[in-house]
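**Student:**
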Amino acid sequence: MEPITLVIILVCIIIGGMLGSLGVHLLPVGGAPAAMATATGIATGCVMLMTGSAVTGLFTASSVATFWESNPSVLLVSLSGGVGAMLMMGFTMLIANLIYIFGAGVVPVSGRAAVDPITKESQTEYKTPRTDGHGVPNVCFYSGIVGGFVGGFGGALIYVVLVSSGYAGFSVETAVVVALGIFIANAIMAAYNIGGTIEGFHDPKFKERIVTGLTCAFVISLMCGIMVLIAIETGTLGAGGVL
Amino acid sequence: MTVTPAVEEEEKKGEKPKEKFKFSFDYFNESRLGIFALVVGAIIAVAAFFPSLPAFVKGIGVMAVILWGADSVRKTARYGLGTGVPSIGVLAVGFGLVGATTGMAIGSEIYHYFGSIGILGALAGVAFMAVIGYVSGVLANSERFIGMKIPGLERGMAELAMAGTLAIILECSIVAGSWYIGDILSPIKGYNIAPVAFIAVMFILAGFGMLQPYNSCLGADERRGRTLLMAIEIGGINCIILGAVATLSLGAVQGVPLLVMGAIVWVVFYRAYMKACMDESYATPGTGLIKTLGG
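Protein chains in written order, with the working numbering: chain P, 1 to 243; chain D, 244 to 538.
1) Under 7 Å between beta-carbons, which chain P residues line up against methionine 391(D)? List them in chain order, please.
2) Name, please, each residue of chain P whose Cβ falls closer than 7 Å to the Cβ of leucine 621(D).
3) What first and last residue would you give for the alpha helix (DSSP H) that runs through aspartate 203(P)?
4) Got a sec: is the Cβ-Cβ distance from valine 171(P) to anything in chain D below 8 Å?
5) Is the CB-CB distance between isoleucine 412(D) and glycine 346(D) below 8 Å?
6) Check whether the stretch 388-405 of chain D touches the stretch 370-378 of chain D, taking contact to mean three or more Cβ pairs, one atom from each stretch, closer than 8 Å.
7) Under 8 Å between the Cβ atoms of isoleucine 362(D) and tyrosine 354(D)?
8) Just by C-beta distance, which residues in the stretch 447-481 of chain D are closer than 9 Å to chain P?
9) Could you please give the first and the last residue of the uninterrupted alpha helix (DSSP H) stretch that includes serine 524(D)?
10) With a 10 Å radius around its C-beta and 16 neighbouring C-beta atoms as the bar for buried, classify arginine 317(D) as buried or exposed.
11) Along the chain, which unbroken stretches of the alpha helix (DSSP H) at least 4 residues long are found entirely within the stretch 260-318 of chain D?
12) Can you find the residues in the same chain that come closer than 6 Å, C-beta to C-beta, to valine 508(D), ignoring five residues on each side of it along the sequence?
13) Within 8 Å of any Cβ in chain D, is that where the Cβ of cysteine 46(P) sits?
14) Hey, would you say leucine 471(D) sits closer than 8 Å to alanine 307(D), going by beta carbons?
15) Measuring only the C-alpha atoms, how far is serine 171(P) from proline 329(D)?
16) If distances are taken between C-alpha atoms only, which option among Thr5(P), Cys216(P), Ala168(P) comes closest to alanine 191(P)?
17) Check the C-beta distance from glycine 41(P) over to alanine 85(P) and give it rounded, since I have them as a contact under 8 Å.
18) List the DSSP bridge partners of aspartate 132(P).
19) Could one say the Cβ of valine 197(D) lies closer than 8 Å to chain P's Cβ atoms, at least one of them?
20) With DSSP as the reference, label serine 165(P) as helix, strand or coil.
21) For my contact list, isoleucine 331(D) and threonine 319(D) are in at a C-beta cut-off of 8 Å; report their separation, rounded to the angstrom.
Now the structure itself:
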């Protein structure tokens, strides 16, 4: 394969991995405290949220990619993956909020910001003392939607570059498996970087740790990308390249 | 006068699990178990290239590798990861997906040109993954990056990446008969699905075997022997499910022995695990939902 194609594939894998890491940092992750409605966010870990939305993104991306015979449009397929992941995150946050509001009886309120940076609503009065916020307030919802979109876009970008016969030309299943592997490795390193809970882009933790997270994502995506390039160079993984 | 009873009590506490329970994994400490599982897993993974190798031998390899992975998860996750135990088990198989795909591709390509010596190429994927796992462990542990400060995280992540890769290669070869990439990518006879698609199932099967034992057993009185019993038990469940799939894809000759072996392992180790739990706990009220042994 031509060196320039290999470089494009490597760059797309690195961009996809870094976008996945950025997406994880944007999600409203509540962890175990959120299960008792004593922290803002959805009551599960980063890995579960991001894997769920990324897998949905890969579903939509692979469905959209089937509209083309061989050379799917990279931008459109990646965007469709982003939209799929965004919808998944949106539904998750909506249902979580329904449970928090009508089940647990709490007001969605951010614990880390005194005033909602987008809607300018005041938050502090509604926060129960000694808790770290509840539910998924507006700013977290926006942040989560953007996080889902960015993460899904990254995952789908890796997928489409691997599946397109103009680039790597893997079979559909192999491309999904490899994209999922790279994405999960990045998402988990981002989860370790966050270390528990995060609310979104307005959280002070985000500014503190995003550089570290993206650096780690760069290194890991680079190494995984080199492995994938070795696999591409063997020429055995393509849909038409089976020996 | 006052010292003697305390010492006696301590000794009693130390002996208690040993005398009541024989599966204590005393000989297989963390290093020995790692070397044993790596050697057994690597030999079986290389030999799994040949379709004539019975599936239940590969099943034994899968169980050894999953046992090793569960031990590594226990080693690293007991200091507290901050995101829950499942994350590190999923990380292991996530690395394993990339490593196994590359390893199988490299092995098949070298085999294509240089004959049967090429089947050692699959181990290249394992070796690459060990390096990537070690580097990600350094990134996670180093003060300059994430700074998790977990002792032995570098080694643990390298081990987990290797275990994940070996598990995926072995499970692929069980479904397809061989990890030769042509067999992995071409559809199963009579079905419109390629064995590589089953990796989605294998992903969570192998990950479950690695993460679930420590996730369910963690706590103040967690004991290594008891936790690892559950790892073998889930290895048995893996073999049952893969045996059913192999019966469809390869036929009863390959699938049924694996299924039977998995069922036997599952029953034996489920009993052993439940017995260990009953013996080591203070009291056990049964809910009646699951038929437990005398509980």
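Glycine residues also receive a C-beta, built at the ideal position from the N, C-alpha and C atoms.
Just so you know, these numbers come straight off a predicted model, no measurement behind them.
**Tutor:** If we stick to the structure as given:
1) Tyr192
2) In the structure as shown, chain D starts at 244 and stops at 538, and residue 621(D) therefore has no counterpart that could be examined.
3) Counting along the chain, aspartate 203(P) falls outside any alpha helix (DSSP H), and DSSP gives it neither H nor E.
4) In the sequence on display, residue 171(P) carries serine and not valine. Taking Cβ atoms only, chain D reaches closer than 8 Å to serine 171(P), which makes this a yes.
5) yes
6) yes
7) yes
8) none
9) Unbroken run through serine 524(D): none, as it is neither H nor E.
10) buried
11) 273-290
12) Gly479
13) yes
14) no
15) 29 Å
16) Cys216(P)
17) Contact flag wrong, Cβ pair sits at about 17 Å.
18) Ala39(P)
19) Within the shown structure, residues of chain D are numbered from 244 to 538, placing residue 197(D) beyond reach of any answer.
20) coil
21) 6 Å
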